[in-house]
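With the sequence shown counted from 1, adding 8 to any position gets you this note's numbering.
Even glycine gets a Cβ: it sits at the ideal position worked out from N, Cα and C.
See structure below.
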Amino acid sequence: MMSPIISSDRHLAEVLASFDQSTNARTTEILRSLVTHLHSFVTETGLTREEWMAGIDFLTATGRATTEHRQEFILLSDTLGVSMLVEMVNQHASDGATEPTVFGPFYLPNAPRFAMGQSIAPEGTTSEEIVISGAVRTSNGEPLSNALLEVWQVMPNGLYDVQDQSIEGVSHRGIFRTGDDGRYEFRTTAPVDYQIPTDGPVGEMLRVTGRSSWRPAHIHFMVSHPGFRTVITHVFDENSPCLENDAVFGVRDSLVVEFTTVGASFDFVLDFDS
Ligand code: BEZ
Ligand code: FE
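Written as structure tokens, this is what we have:
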């Protein structure tokens with residue numbers, strides 16, 4: 009006798025129960041939730057076998073495009089808004105503390121250290137330099153001296169140094185410390201709008217769905233100090249035409265400032281570590 013067709017609800021319950029013996033409560037919670045959402049996704053969309061295989065092929069291509077120097081899964085997470093959502097869910101900053109945004113794939117630890125006022129552009133750059141300055145403060149408004157500012161941005165050609173084979177060493181990145189008054193200052197070339205890598209499956213997804221692959225001009229900052237919560241964020245140029253449709257959904261109003269031909273100013277506020 010044929011066994012009766014089981015309902016999708018009973019099927020889901022059976023899969024969820026398969027985790028009952030797990031001894032890691034958090035892993036189990038995450039897997040149960042993931043399975044529940046995946047099952048709903050399949051039933052809600054009435055997913056065909058061909059569509060499911062296309063999805064598996066897409067994820068396989070995403071894995072194949074990932075190398076030591078390129079993380080296509082992070083790009084996928086970024087472009088689906090998941091990276092920014094993880095930031096939002098984990099954001100415990102008090103009102104007034106600097107808002108975080110996506111980390112992006114182009115941070116390098118151990119960038120060169122510079123003294124106050126120095127330039128992160130290579131010597132002899134032919135592009136105009138601007139001055140970026142401001143202060144780092146606590147959420148009580150006190151200046152934070154000796155805070156570490158790690159800075160990175162695109163070069164005038166729209167590429168990060170790590171993407172440009174012609175660059176030896178590093179360019180447009182550096183580490184600064186605030187002075188006794190909590191202030192920082194450095195020189196650089198103006199950041200330009202930037203196209204995320206489009207030669208992999210994520211680029212294909214953006215093309216097929218008619219989405220923009222551009223990010224508005226920004227400078228990345230990671231600001232830290234012992235006893236305070238590190239903030240990873242960007243400062244965006246308010247003149248960028250891409251502010252309204254950032255490919256990775258990272259723009260926050262509080263991070264958008266005026267960039268003039270002279271430069272831009274931005275103050276960071278760090279929350280006490282609790
Ligand atoms: C960036 O800001 O450099 C970036 C962020 C997410 C994906 C790709 C690039
Ligand atoms: Fe960037």
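{"Asked": "Give, in chain order, every unbroken run of the alpha helix (DSSP H) that is at least 4 residues long and sits entirely within the stretch 15-61.", "Found": "16-25 and 33-53"}
{"Asked": "Looking at the secondary structure, which residues open and close the beta strand (DSSP E) in which G158 lies?", "Found": "The sequence shown places Glu at residue 158, rather than the Gly named in the question. Segment L156 to W160, the beta strand (DSSP E) holding E158."}
{"Asked": "Hey, could you find the ends of the beta strand (DSSP E) F81 is sitting in?", "Found": "It is not in any beta strand (DSSP E) - F81 instead sits in the alpha helix (DSSP H) that spans E80 to T87."}
{"Asked": "Can you say whether S179 is buried or exposed, counting buried as having 16 or more other CB atoms within 10 angstroms of its CB?", "Found": "buried"}
{"Asked": "So I183 and P120 are in contact, right, with Cβ under 8 angstroms, and what is the actual spacing, rounded?", "Found": "7 angstroms"}
{"Asked": "Among the residues of its own chain, which have a CB less than 7 angstroms from the CB of R18, if the five just before and after it don't count?", "Found": "none"}
{"Asked": "What's the C-alpha gap between L167 and F244?", "Found": "17 angstroms"}
{"Asked": "Who are F194's beta bridge partners in DSSP?", "Found": "I140"}
{"Asked": "Considering only DSSP beta bridges, list what Q203 is partnered with.", "Found": "W222"}
{"Asked": "In the DSSP assignment, what residue or residues form a beta bridge with L278?", "Found": "T146"}
{"Asked": "Looking only at its chain, what residues have a beta carbon closer than 6 angstroms to the beta carbon of A4, apart from the 5 residues adjacent to it on each side?", "Found": "The chain is shown from 9 up to 282; residue 4 falls before or after that span and cannot be answered."}
{"Asked": "Is it buried or exposed, L5, if we count other Cβ atoms within 10 angstroms and call 16 or more buried?", "Found": "One cannot answer for residue 5 here, as it falls past the ends of the chain, which runs 9 to 282."}
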